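Structure record follows, encoded as structure tokens.
2 protein chains.
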Amino acid sequence: MNNKVDIETGLRLINRKDENFEEWYSEVVASAELIEHYDISGLYILRPSAVEIWETLQAFFNPEIKKMNVESCYFPMFVLECHLKKEKAHYDGFKPEVAWVTKSGQSDLETHLAVRLSSEAIIYPYYSKWIRGHRDLPLKLNQWCNAVRWVVGDPIPLIRSREFLWQEGHSAFASEEEADAEALEILELYRRIYEEYLAVPVIKGTKSVGDTCGGAIFTNAVEAFIPNIGRGIQGAATHCLGQKFAEKFEINFEDKKVEKTMVWQNSWGFSTRTIGVMVMVHGDDKGLVLPPKVASTQVIVIPVPYKNVDCEGINDACKAAVKMLREEKIRAELDSRDNYSLERKYSEWEMKGVPLMVEIGLKGLGNKQVCVVRRDNGAKIDIANADLVEEIKKLLNNVQQNMLDVAKQKRDECIQVIHTWDEFVEALNQRKMILGPWCDEKVVELDVKQWTENEMGAAKILCSPFDQPELPEGTKCFASGKPAKKWSYWGRSY
Amino acid sequence: MNNKVDIETGLRLINRKDENFEEWYSEVVASAELIEHYDISGLYILRPSAVEIWETLQAFFNPEIKKMNVESCYFPMFVLECHLKKEKAHYDGFKPEVAWVTKSGQSDLETHLAVRLSSEAIIYPYYSKWIRGHRDLPLKLNQWCNAVRWVVGDPIPLIRSREFLWQEGHSAFASEEEADAEALEILELYRRIYEEYLAVPVIKGTKSVGDTCGGAIFTNAVEAFIPNIGRGIQGAATHCLGQKFAEKFEINFEDKKVEKTMVWQNSWGFSTRTIGVMVMVHGDDKGLVLPPKVASTQVIVIPVPYKNVDCEGINDACKAAVKMLREEKIRAELDSRDNYSLERKYSEWEMKGVPLMVEIGLKGLGNKQVCVVRRDNGAKIDIANADLVEEIKKLLNNVQQNMLDVAKQKRDECIQVIHTWDEFVEALNQRKMILGPWCDEKVVELDVKQWTENEMGAAKILCSPFDQPELPEGTKCFASGKPAKKWSYWGRSY
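Chains as they are written, first to last, in my numbering: chain A, 797 to 1290; chain B, 797 to 1290.
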């Protein structure tokens, strides 16, 4: 194989996942044609392979939230500054990242318009209008849209881009209990997106005060971890807003005793970042590795021609295989291009992460079998033609499960339980996801950040897991020596 | 019934469709809760009943274009002025309506960014990059997104708003024939959206030069007509761009003879305007009338209680009916609210346009039957419980078909064939959709516009229909007296 040609045609990666992770990531998302760089910094084109994954996640999530009686809506993407300012912590968090429209055509606008960063300040004035009595509750709306955050730091395709696609759900309840229950139900859907669809293991937990969304009481999240660089990454979040916004936006209702009461609110969202996390966890030095459930092409069928032999029989067998698979709703494609070498085709489909490659050649034709290559572990399996559909179905399930299992094993190997500061520092140097007993004081997290700051960034709390190990009485915080109140995951983060 | 209370609670319309159409329209879209006015002029909130119609149209259209091998993508919504300017006619058309982002946070941006109006100038630089050889063609991409046109004239909810949702398809072909064939195939899908889903009859045709999208060779459209005010409205369009953009954006490929050739392009889109057209055609003085295929609630089941009688049996029968209907995938809901009068419930569901109302009372309970009221024509039908599901299914189909038939009949009654200027003027005064022989000269259309301009606007060409009546030799243009070249529809327009 001619490596030089492959690199030039984008079929081989220059960078290695374990050597220079960030360059590897940038290279793989572009070479696998998930994204294309755009000529405005921090913006990226989402190409069909990325958008089709997004559509698969939408097709799962939208019906699930409709079962919960969440309705679809669409609010304008521009907001007046006066509304954006109403909840101060919310505004302070977003202020540096606002994109402002100040002109239309040749004219200056009378009032500057902020482009949607998140729609609390856009939506809640109308919740105030629409909610009157307890029969108007709960009010649960969701929209699929773009959002813009003009981040100042280094943008990363899919992970931290200045425009992204997401869903944002906004709900208002009569009671705190209902709000809290919904937040957990949504978080479970986010877990399923990661674990069942993207084959990425996540930990459910509560973010620290420093990472709580501006204006929220607390933020719950599903947290993923990237072993190769030892960084946590927030996968998706539900924000329990309590009555903070209700107070500022005057969202009240008359309860059954005809007393004016403020509503309890949540907001929750997941974005195209999900796709970036999937790439980081599963990609390898050959390119993307796609879990079958989200792969727009699950099986690529490739004819293996022989010199000086009429290939019609091989091509017919390939076509027949594709047809059979498609009839069973397996997303199979035929690569019949005769101007590319076999090696080039292999490299291309490996780069794009197609879960299964089916090769049909002269030998297989004689033996009435095909050769299947798994993208996830490289295993080659011969399958009798008669069993093709059944075996491919099994293999797709197996690949999906194996990808989650392997990712979970790798993630779990990174988890290090510590009790002391020395253990913490050692684990951090080893890029672990560190589980330590913690006094739950904001100032101590700030101290830890300061003490660990270096060119790779500082350590922080990733989350305090819902699933808490036992905390024997007398356990001390690893950082402050004060009595520990809970276990938290620590590490560097995106 | 207490009219005053109904008007105050938004359950009765103040305006009449035949008396003051525009006020009626504004009132009905808000009262039926399709939209809510927003505090920035020209922007509207799309409420669940509107977005759910949009989702239904998406669920039809997206799989259809995927069968045509159109792939999904998402391009950034900001574009540099230098790209926007490249195709002059395109830029000139959009220039007055551009929303400009000039600041991020507190800082001025180095370059001003235009918010997406339509994505030709955003997408085609990348077509130039991605298209190299004939094997890269056709390239067919579609995105579902928002777009912003800061229109200066009066905004109309859903019909002409400053932000709207749409799909925009962009395709590039090796030959003009392939491009033209695709444009017709897409136009047929647009016809089906209007006729099969929204029950709105449309005419396929070519727009006049004056209404051709800036940068296109010609624009084909599906044209609807609103009898009550005698105005045409463009429903959706395909733009045949020829090689104009290919030249400006340098989109070339090496054809099979290895010669550099420019691609042939189309762009095509339909927007949330579809929903506004549906309201204008079908709405009445009681509110919205929804075609069953797009109604998120197709059947509302209402218990009819009797004074001093235990209503448990009635309520149970209602619940059982909803359950049965839902099991057969009919979108049925129960209105069990006990704090609203029957009259109020009727008004509310009429306002929201729910196709069928099923009433279950004591009498029906005894006779084992229910009473069904059709929203489209007010007919009341008794149905035996045993036949409920079958009969409701039939009725839903019947309502869908009847709405299209009635709308087509009303539209057809507005079509007036004319041959002379006097006939034209008379027909225009009668608010007709005027079919006349036409010399196909741009300057004559401008003359007609000038001659007919009054406070209601000027007459213009709505479209030249694909389906051309016979044009006997010697037929003269109704406006210029020159030899006629084709038949065109004329009238006032949105």
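For every residue, glycine included, the Cβ atom is placed at its ideal position computed from N, Cα and C. Because the structure is a prediction, the values reported are computed rather than measured.
The region 1071-1079 of chain A and the region 994-1005 of chain A touch, with three or more beta-carbon pairs separated by less than 8 Å. Taking a contact to require three or more Cβ pairs closer than 8 Å, the region 1027-1035 of chain B and the region 1203-1222 of chain B do not qualify as touching.
Among the CB atoms of chain A, one or more fall inside 7 Å of the CB of B/Glu848.
For A/Gln854, the CB contacts under 8 Å within the same chain, skipping 5 residues up- and downstream, are Trp940 and Gln963 in chain order. Interface with chain A (7 Å Cβ-Cβ cutoff): B/Trp1064 is excluded. Not a single C-beta of chain A is nearer than 7 Å to the C-beta of B/Gly1072. Cα atoms of A/Arg843 and B/Phe871: separation of roughly 8 Å, rounded to the nearest angstrom.
With respect to the 7 Å criterion, A/Pro921 and A/Ser967 are not classified as neighbours on the basis of their beta carbons.
Counting only residues of its own chain and dropping the five nearest sequence neighbours on each side, A/Ala917 has a CB closer than 6 Å to the CB of Val875, His879 and Leu880.
Any Cβ of chain A closer than 7 Å to the Cβ of B/Tyr920 would place that residue at the interface, and such an atom is absent.
Around the beta carbon of B/Leu980, fewer than 16 other beta carbons sit within 10 angstroms, so the residue counts as exposed.
Of all residues in the region 1102-1123 of chain A, none is placed with a Cβ closer than 7 Å to any Cβ belonging to chain B.
The straight-line gap separating the alpha-carbon atoms of B/Ile836 and B/His908 is approximately 22 Å.
The Cβ atoms of B/Gly1028 and B/Ile955 lie no closer than 7 Å to each other.
Here B/Met1147 is not near B/Gly1232, since their CB atoms are 7 Å or more apart. Taken atom to atom, the span from the alpha-carbon of B/Glu1050 to that of A/Arg1133 is near 17 Å. At a cut-off of 7 Å between C-beta atoms, B/Gly901 counts as an interface residue with respect to chain A.
Residues of chain A with a Cβ closer than 7 Å to the Cβ of B/Trp946 are, in chain order, Ser900 and Gly901.
Pairing A/Ile1047 with A/Ile1022, the inter-Cα distance amounts to about 41 Å.
Contact with chain A is found for B/Tyr834, since one of that chain's Cβ atoms lies less than 7 Å from the residue's Cβ. Between the region 1056-1064 of chain B and the region 1093-1110 of chain B, the count of Cβ pairs shorter than 8 Å is below three; the stretches do not touch. Here B/Ser915 is buried: its Cβ has 16 or more other Cβ atoms, across all protein chains shown, within 10 Å. According to DSSP, residue pairing for A/Ala943 in a beta bridge involves A/Phe960. If you ignore the 5 residues before and after B/Lys882, its C-beta comes within less than 6 Å of the C-beta of Lys1044, all in its own chain and listed in chain order.
Under the three-state reduction of DSSP output, B/Arg1171 falls in the coil class, being neither helix nor strand.
When Cβ-Cβ separations below 7 Å define contact, A/Phe1045 makes no contact with chain B. A residue is called buried once 16 or more other Cβ atoms fall within 10 Å of its Cβ, and A/Tyr923 is buried on that count. Counting only residues of its own chain and dropping the five nearest sequence neighbours on each side, A/Ala1254 has a CB closer than 6 Å to the CB of Lys1245 and Thr1248. Taking a contact to require three or more Cβ pairs closer than 8 Å, the region 888-907 of chain B and the region 888-908 of chain A qualify as touching. DSSP, reduced to helix, strand and coil, places B/Gly1038 within a strand of the structure shown. Residue contact with chain B for A/Val996: absent (no Cβ-Cβ distance below 7 Å to any residue of chain B).
Contact of B/Pro1023 with chain A is not assigned, every C-beta pair being separated by 7 Å or more.
When beta bridges are read from the DSSP output, A/Cys1259 appears opposite A/Tyr1285.
It is roughly 55 Å from the alpha-carbon of A/Ala1116 to the alpha-carbon of A/Phe890. Segment contact: the region 1100-1117 of chain B against the region 1253-1271 of chain A, fewer than three CB-CB distances shorter than 8 Å; contact not assigned.
Beta-bridge pairing by DSSP links A/Asp1178 to A/Cys1167.
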